[in-house]
Every structure is written in structure tokens, then in C-alpha cells.
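Take a look at the structure set out below.
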Amino acid sequence: MELIEMKDIKKDYFLGEMVVHALRGVDLTIEREEFVAIWGPSGSGKTTLLNLIGAIDEASSGQLFIEGEEVKKLSDDRRTELRNRAIGFIFQGFNLIPVLSALENVMLPLEIRGISFSDAKNRALGRLDEVGLSDFVRHRPDKLSGGQRQRVAIARALVTNPSLVIADEPTANLDSVTSHKIIELMRALNEKEKTTFIFSTHDPRLLDQVKRLVRLEDGRILDGGNEK
Ligand SMILES: Nc1ncnc2c1ncn2[C@@H]1O[C@H](COP(=O)(O)OP(=O)(O)O)[C@@H](O)[C@H]1O
Ligand SMILES: [Mg+2]
Numbered sequence: 082m083e084l085i086e087m088k089d090i091k092k093d094y095f096l097g098e099m100v101v102h103a104l105r106g107v108d109l110t111i112e113r114e115e116f117v118a119i120w121g122p123s124g125s126g127k128t129t130l131l132n133l134i135g136a137i138d139e140a141s142s143g144q145l146f147i148e149g150e151e152v153k154k155l156s157d158d159r160r161t162e163l164r165n166r167a168i169g170f171i172f173q174g175f176n177l178i179p180v181l182s183a184l185e186n187v188m189l190p191l192e193i194r195g196i197s198f199s200d201a202k203n204r205a206l207g208r209l210d211e212v213g214l215s216d217f218v219r220h221r222p223d224k225l226s227g228g229q230r231q232r233v234a235i236a237r238a239l240v241t242n243p244s245l246v247i248a249d250e251p252t253a254n255l256d257s258v259t260s261h262k263i264i265e266l267m268r269a270l271n272e273k274e275k276t277t278f279i280f281s282t283h284d285p286r287l288l289d290q291v292k293r294l295v296r297l298e299d300g301r302i303l304d305g306g307n308e309k
């Protein structure tokens with residue numbers, strides 16, 4: 082069974098009298114363990130697409146299946162459960178909590194799930210070690226570089242062991258060396274832990290690091306849609 086299946090997905094936003102057709106009929110299948118880049122210029126619909134895949138927004142029409150379940154037909158509780166269990170998010174701009182240390186930021190998703198402090202701490206330290214931040218666990222975000230903050234966001238997304246990680250422009254505002262390292266880290270986790278990664282980018286410098294490229298323009302898939 083596919084991890085994600087989209088059939089003729091459309092998404093409109095309504096701004097007063099005006100309608101924005103953000104997605105104009107997207108067919109997209111993503112298998113488990115894939116490493117997929119959604120590539121397109123600003124305004125092409127990348128964030129909209131990722132928010133639908135992550136079940137944090139709803140399509141205007143069409144069908145979206147996650148792990149074989151049609152998202153539209155799930156109860157709110159079931160949808161929240163699916164999101165919490167299966168999906169880790171890396172939002173554009175990191176969304177780290179400024180008053181918390183790197184360690185506390187990464188522990189947070191576990192504490193929300195009711196995992197004990199000591200377990201949460203051990204798991205968070207393990208993830209921070211994996212992303213190369215063992216020496217920075219006590220630092221608050223404002224004491225970290227952009228690349229280090231993005232690593233904290235990755236550790237936080239992974240700490241719950243999701244089967245799918247969704248990352249919206251994970252290398253935005255990073256220099257090219259740091260960007261390459263971030264994508265390399267995601268690839269290594271994809272290989273080692275079989276975590277599926279779907280990330281958006283419009284950075285041509287990253288194209289050679291991608292296994293599968295889905296090109297989006299004006300809310301439509303140009304290529305890369307349904308084959309690996
Ligand atoms: N909440 C919203 N309300 C109205 N229009 C939106 C909203 N979010 C996105 N859009 C519009 O939808 C289109 C796709 O946006 P988005 O998915 O953010 O693209 P990208 O992430 O590729 O830059 C753009 O024209 C954008 O202005
Ligand atoms: Mg975007």
C-alpha cells in the first residue's frame with residue numbers, strides 16, 4: 082500500500098471576492114522509504130501541498146489517502162492521532178521555541194505525548210547527537226547558527242520516530258555548504274531508518290542530491306508525479 086496517494090487534488094483559497102487556485106488537480110503517489118523533493122518557484126503551491134500531505138489542511142476537492150485511509154473521512158480525533166503517530170514536521174523558519182534550550186525543544190513532542198522526563202531526555206539527547214549537536218544541547222536558539230537551528234528542528238521532527246517527515250524549505254536562508262549538509266543528513270536518516278522524507282525547495286543547488294523530483298508550477302505537477 083502506498084504511503085500517500087493523491088487523486089485530482091484541488092485547493093482554492095478565498096480572499097474576499099477573489100479565488101486563488103493554489104492546486105489545480107494534483108495526482109501524486111509516494112511510497113514508503115522514498116526521498117522526494119517538491120521543487121517549484123515561490124507561489125507554485127509547495128506549502129499548500131505539504132500541508133495537505135501532513136493532514137494539517139484540507140483539500141477543496143479530490144481524494145487524499147494516507148496509509149490507505151481517506152483523510153476526508155477520518156474523525157478529528159483519528160486525524161490528530163495519525164498526524165501525531167506517523168508524521169514529523171519541519172516548518173519553514175524552524176518554529177523553535179526561543180526560551181527553551183535545544184534539548185528542551187527536542188523533548189517537547191515527547192512530553193506532550195506523556196513520555197516520562199528521563200525517557201524524553203534520553204531520546205532527545207540521542208537525536209541531538211545524531212544531528213551533530215551534542216555540544217550545544219543547553220544552547221537556546223538565538224545562540225545557534227541557522228544550520229544548527231535547522232538541525233534542532235530535524236531532531237525535534239525525528240524524536241517521535243515518525244514514518245514520514247515533511248520539511249518545508251528546510252534549507253531556506255542557509256548557505257550552500259550548510260544546505261548540502263542538511264540534505265545529506267536527511268538522506269542518511271532516510272537510508273538508515275527508512276524514514277520517508279518529503280521536502281520542498283526551490284534551490285537548484287540541491288537538485289543533484291535528490292532521488293525523486295516532483296516539479297510543481299502554478300498548482301500543477303509538471304513532471305515526477307507518479308513514477309519513482
Ligand atoms: N492562506 C492563504 N490564503 C490565500 N492565498 C494563499 C494562502 N496560502 C497560499 N496562498 C496562495 O496560494 C498559492 C500557492 O502558495 P504556496 O502553497 O504558499 O506556494 P509556495 O509554498 O510554493 O510558495 C500562492 O498564490 C499563494 O499566494
Ligand atoms: Mg512555501
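In the numbering used here, the protein residues as written are 82 to 309. From the three backbone atoms N, C-alpha and C, an ideal C-beta is built for every residue, glycine too.
Of the listed residues the options, nearest to residue i (C-alpha basis)
i, options, result
"D249", "P243, L163, V240 and Q231", "Q231"
"V233", "T252, I247, L255 and R208", "R208"
"N242", "L225, E83, I168 and D299", "I168"
"D200", "L214, L163, E185 and R293", "E185"
"Y94", "A118, N307, L130 and T110", "L130"
"A253", "L191, I264, L245 and V246", "I264"
"H102", "K91, D108, T110 and L177", "K91"
"E211", "A236, F217 and Q229", "A236"
"Q173", "T282, L287 and S226", "T282"
"G227", "V258, G106, N132 and S142", "V258"
"H261", "L287, E272, L245 and N271", "L287"
"E86", "W120, D289, N132 and Q144", "Q144"
"L104", "R221, N307, L297 and G306", "L297"
"V240", "N307, E139, R166 and E115", "R166"
Buried or exposed (CB count within 10 angstroms, at least 16 for buried), residue i
i, result
"G195", "exposed"
"T161", "exposed"
"A136", "buried"
"M188", "buried"
"M267", "buried"
"S156", "exposed"
"K275", "exposed"
"F198", "exposed"
"K309", "With a pLDDT of only 42 at K309, under 50, the local geometry of the prediction cannot be trusted, and the value read off the model is given with reservation. K309 should be labelled exposed."
"L255", "buried"
"P122", "exposed"
"G149", "exposed"
Coil, strand or helix - residue i by DSSP
i, result
"S142", "strand"
"L181", "coil"
"V100", "strand"
"T129", "helix"
"L191", "helix"
"L163", "helix"
"E274", "helix"
"I196", "coil"
Contact with chain D by residue i, beta-carbon distance below 8 Å
i, result
"T277", "Considering every chain present, this structure includes no chain D. It has just one protein chain."
Identity of the residues DSSP links to residue i by a beta bridge
i, result
"S281", "I119 and D249"
"K292", "None, per the DSSP bridge assignment."
"K88", "Q144"
"L255", "Answer is none; L255 lacks a bridge partner."
request  = Could you name each continuous alpha helix (DSSP H) segment of 4 residues or more that falls completely within the region 201 to 226, going from the start of the chain to the end?
outcome  = For the region 201 to 226, not one full-length alpha helix (DSSP H) segment reaches 4 residues or more.
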